[in-house]
Structures are given as structure tokens and as C-alpha cells.
Amino acid sequence: MIGMPSASGKNSKILSGLAITLVIGIGAVLAPATVGSVYVIAAVAGILLVLASAAHPRFAVVLWLLSACFLPFWVGVENPFYLPASSLAGLLVLCGAFVRNPWRIGRVDTAVLLFCVLCLVCGVVGLSRPGDVTNVMTQWLLSFVVGRLLVQRAGLPFTYRAITCIFSAAAACSIVEFFSDWNPYYGWVVDNTQYLAWGHEQDRGGIVRAEWAFGHSIALGCALAMAIPIVFNCNFKPVFRAALIAVLLGGAVVSFSRSGMISAVFALLLSLLFFSDKEKARGRLAVVLVLGSIAWFAIPKILSVFAEEGRRATISADYRITLIDLIPSMNPLGLAKGYTEPSRGEFYFQGFKSIDSTFVLLGVSFGFVIALLALVGVGWLAWRVLRRTSSAPAISVLAVVPALFTVALITQFGSIFWFFLGMLSLHDRLNPDRKVDPEAPSGLSDLDASLIGTKSSAVSNKIGLVEDV
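For the sequence shown, the working numbering begins at 1263 and goes up steadily by one.
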């Protein structure tokens, strides 16, 4: 009598297994004939990646970073709206961000969610273009959530190492691209508007600028610049750290983007000035020597290229300055006055077609209230960095802020920027800006301490709270 239920249970499990196997077998036969084998393979691969991301958050972080640095923006899905490779990867790894991972809302989270809600409201009530709203939600907010929650599971130390390796590899590839005059991604022809916009080479002063998978030299230079403070926070030998920074700087130089090069130098200087005292002097000296060597060889070439560019560069700079004329046309919320769309995909603001400024573009697309919210965030971030109460991701974000006045968040640079903003929010949640007794125990949980890799439970108000990783 005791064994009968056990035998019955085993039989039911066997029957269930046979039924599942039969269903899978029938689906494997019928699905390719119904929707095509390519879609079936893609669906199966997607399911496997979702499961792997849920079980292994570190794998998910690496997957997303690789999609951002090694897949061009024009590889994506167009219907019902455009999703680039980084957004598709973000959707695949999103499950891994929420599995056994509580989200305790911090102040940066609150500001970001308010920003996105305002943008969404503008779209829902018809004040802004649907395409702008979907870009905010599916590229910016999605990347922020990946940087905030997925990194929370994977841990900041591991993520810093992954960023260092992957961005340094992208920088090395861009240097090879420049000297070999070969970009493999131009051959990835896709019949969409994104390829037409980004899938071609750029020249300046008689040379072809490096772009790698970023579709634009400015996007490449600024993205590489954001990785420099992360390298500073990794516990590598000084010579190796200096070599990695040299590669990142070299990648920014061969982009021949003024915004990218200035951001890279700015990121380096901020890191040297505002990291904590535990940063060893010999490490700083090695970096300074590398910077001097690069400057010695690169500056003459850079000056000659921009001298050759001459008038075209001047016209480009003057155009960006005149964009401030759009400020009076901005509404509190929604599209600015004077917006016209002569044909689908072609639009003008007061006669301006290309809005080469993130803050101006926010203002004319969603209203000056949202643009001011972004500027207030920049001011808060600068204050925290100056007080040495921030983190490596905060320095990364602040380093590219000057570039955002002269360029929009184009291609996957926008997703990378918001990913770093997510890491900034995570660090801020774990290490709020507060004055405490360094000998007193903090309120950080064991999980929080493991995420930031602190050697003790004391909360520091220095930028070096995160242990070298």
C-alpha cells in the first residue's frame, strides 16, 4: 500500500515527460514549415540566452557589452519600431536583472524614472513624436535598467573588469582599422534607414576616421573615453593599467573627433585629480608618462589633419553654436514651435535639420522642463565629483558632458551612456552622500558590501569606496 502511490507518481512523471517530448518534437517539425527555420532558430537561441542570463548574470553583462561594442547600430529589428542590437540584447538579459534581485529605489533612480515618465506622458498625449518616446524607453531606459539591476547581480568589480577588457579590445580594433584602412562592418549591408545613415566611412583632412562598430567617430571616441575612469578603478599593475589607458586614448585619437578626444583627456584628468588618496603615486606617474608620449607623437598629426580640414571644421563649429537660437522656440513640454515634417523621416526645427546637441534636442523634442531636469542632474553630478563623494561611473558620465553640448546621443553611444548612468545609480544607492563616523558600522547589507567589494563595513565619503577590482 505504501509503494503504490510512489509507483503512480513515477508513472505520471514518465507520461508528462513523454507528452512534453512529443509536443517539442511536433513543434520542431511543424514550426520551420510554418514560419521558417531562421525564425525558429532565432527563437530557440533567444530562449537559451534568456535562461543563461537568468542563471548567470555575469554572462549577461558580457553579452550586453559585446552587443554594444561589437555589433553596429544598423543591425536590429524595425517592426513595430526600431530596436538596435544593444536593445535586443537588453531585452534578452532583462530577465536576469529581476531574478532574485530586489530593487530599492534610490535618488538617481527617482530622477531617471521622473525623466522617462515625463517623456512618456509627452508621447501619450501627442505632444512629442512617437519615435522619440520609443527611443527613450527601449534604448535609454532599458540600458539604464541593465546597468542598474543586472550589474547589481553581477557585481561592480566583475563589471569593471569586463568593461576594461571589452572597451580596450574595441579601442585596439579601431586602431587596427585606422592603420589598415579597413572596417569589416561596412560590408554588413542591411536594407534599412539606419545603414544608410551610419554604414559609411567618414573622412577628415584627407584621412578616413575610425568608427569601428559605432557608426560614427564621435560615438566611438566618447564611448572609449567613458571607459578610462573604470580602468583607473581596476587593481592591475601600474604598467598594465597605463598600457590599457594608452590603448583607449589611441582609439579616441584615431577617431579624429574633437568631442571624443577632449572627453578622453577630460576623463583622464578627472581620474587623476579626484580619485582617492589610495591611488598609488607610481601608477599616476606611469599614466602621465604614457599621456605625454601619446601627445608627443599624436598632436602634430592631429593639428595637421584639422588644418587640412580648415573651413569645413569651422562651419561645423559655427553651426553648433547657432543651435542656441532654438531655445526661445521651446515649449514647457512637447515639441518646440516651428516643427515641420515635409516627408516621413525628414523633419526640421525652425529650419534646423540636424540638432547636434543632446540638451537642445531634449528641449525641442520634449520641452525645456525636461532639458532643465537633465542640466540639474549634471550640476548635482559635478558637485559630487568635486567633493570626492562619487564613483568611477560618475566621472565617466561627467567626462562626456561637454561633448553632449555638441553631439546628440547617436547610435549605441546613447545606450552606453545610460548603462553607465545605471552603474552610477547603483553606486549612489550603495554609498549615499552622507557624513558618518568612519568607525561606526554602516547600514549596508552583506549583499551590498559584496557588490562594491569594500574591505570593511564602514562607509567612506571618498570616491575610492569601491575597492580596486
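For every residue, glycine included, the Cβ atom is placed at its ideal position computed from N, Cα and C. Quick caveat, the model's predicted, so the values are computed rather than measured.
Can you tell which of Asn1497, His1478 and Val1493 has the C-alpha that lies nearest to the C-alpha of Ser1521?
-> His1478
What span of residues does the beta strand (DSSP E) with Phe1360 cover, start to end?
-> First-last for Phe1360: Ala1347 to Phe1360, but that is the alpha helix (DSSP H), not the beta strand (DSSP E).
Rounded separation between Val1383 and Met1399 - CA only = 12 Å
Using only alpha-carbon positions, find the residue among Val1527, Leu1310, Cys1331 and Ile1586 that is nearest to Gly1625.
-> Ile1586
Find out if the Cβ-Cβ distance for the pair Arg1251, Ala1351 is shorter than 8 Å.
-> Outside the shown range of the chain, which is 1263 to 1731, sits residue 1251, and nothing can be said about it.
Taking the alpha carbon of Arg1471 as the point to measure from, which residue in Cys1435, Val1493, His1689 and Val1379 has its own alpha carbon closest?
-> Cys1435
CB of Ala1598 within 8 Å of CB of Phe1611, strictly = yes
Residue from Leu1486, Pro1604 and Cys1381 with nearest C-alpha to Val1631 = Cys1381
Could you tell me which residues DSSP pairs with Tyr1448 in its beta bridges?
-> Partner(s): none; Tyr1448 has no beta bridge.
State the Cα-Cα distance for the pair Leu1623 and Ser1616, rounded to the nearest angstrom.
-> 9 Å
Three or more C-beta pairs closer than 8 Å, one from the stretch 1484–1504 and one from the stretch 1648–1664: is that the case here?
-> yes
Any alpha helix (DSSP H) of 4 or more consecutive residues that is wholly inside the stretch 1432–1519 | 1455–1460, 1479–1494 and 1500–1516
Would a C-beta distance cut-off of 8 Å place Thr1584 and Phe1335 closer than the cut-off?
-> no
Per DSSP, the bridge partner or partners of Phe1614 | Phe1611
Pro1419 burial status per 10 Å Cβ neighbour count (16 or more: buried) = buried
Between the Cα of Trp1450 and the Cα atoms of Gly1461, Trp1444, Cys1378 and Asp1443, which residue gives the shortest distance?
-> Gly1461
Below 7 Å CB to CB, which residues in the same chain sit around Asp1443 once its five sequence neighbours on both sides are set aside?
-> Val1470
Please state whether DSSP places Val1387 in a helix, a strand or coil.
-> coil
By a C-beta neighbour count over all protein chains shown, 10 Å radius and 16 as the cutoff for buried, is Ile1303 buried or exposed?
-> exposed
What number of angstroms, rounded off, separates the C-alpha of Glu1463 from the C-alpha of Trp1326?
-> 25 Å
With 16 other CB atoms within 10 Å as the buried threshold, where does Ile1367 fall?
-> exposed
Shortest alpha-carbon distance to Glu1473 belongs to which of Ala1514, Ala1508 and Gly1600?
-> Ala1514
Beta-carbon contacts of Ala1665 that lie in its chain and below 6 Å, excluding the five residues immediately before and after = Cys1484, Ser1521 and Ser1525
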